[in-house]
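Engineer:
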Amino acid sequence: RVHLHAALAAVDDALRSYDPEGDDAAPAARRILLKAAAGAGKSFVLKRMVAEASGLGEGRTPTGRSVGITAFTNKQLWSLAESLGQDLGAENVALVMSNSIDRDTLPPHLAERCTIVSSGELDLETPVILATAAMMGMRG
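Throughout, this note's numbering is defined as the position within the sequence shown, counted from one, plus 78.
What follows is the structure, encoded as structure tokens:
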């Protein structure tokens, strides 16, 4: 729990320092790496960060900013996409997947809780976009 509280404090600091109007708006608020042991609360912190940055969710005002989330494998993104879509609305969360992935192998409720698209179908105005590093063109 100590690590979770420290992570939340760092997120709060980064979000408070973010100035969308500034030329050099707090780089920490633009790219944040969450690295912690299993069960440390990474998903909880990430969902809170996404809700804050996008302004989506109960009692929030949409900011018009997009949030991108990446991981190395599709399976790492599936539960997060499902949870974010459930919290923020399926229409606000896009999971970018390769056409080569058999949609029948996806978790049962994933397609109901987020929008699954190929890279060619992606609407860049979608507030929350999840994709593997390979789909985003990153190399490890």
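Where is the CB? At the ideal position from N, CA and C, for every residue including glycine.
Looking only at DSSP bridge pairs, what is T210 linked to?
Structural biologist: A149.
Engineer: If you count every other CB in all the chains shown that lies within 10 Å of the CB of P105, and 16 or more means buried, which is it?
Structural biologist: In this prediction, P105 has a pLDDT of 48, which is less than 50 and means its spatial position is unreliable; nothing more can be read from the coordinates.
Engineer: Decide if the segment 181-192 is in contact with the segment 143-161; the criterion is three or more beta carbon pairs, one per stretch, under 8 Å apart.
Structural biologist: Enough Cβ pairs lie closer than 8 Å, so yes.
Engineer: From P140 to A131, what distance separates their C-alpha atoms?
Structural biologist: Computed Cα separation, rounded: 9 Å.
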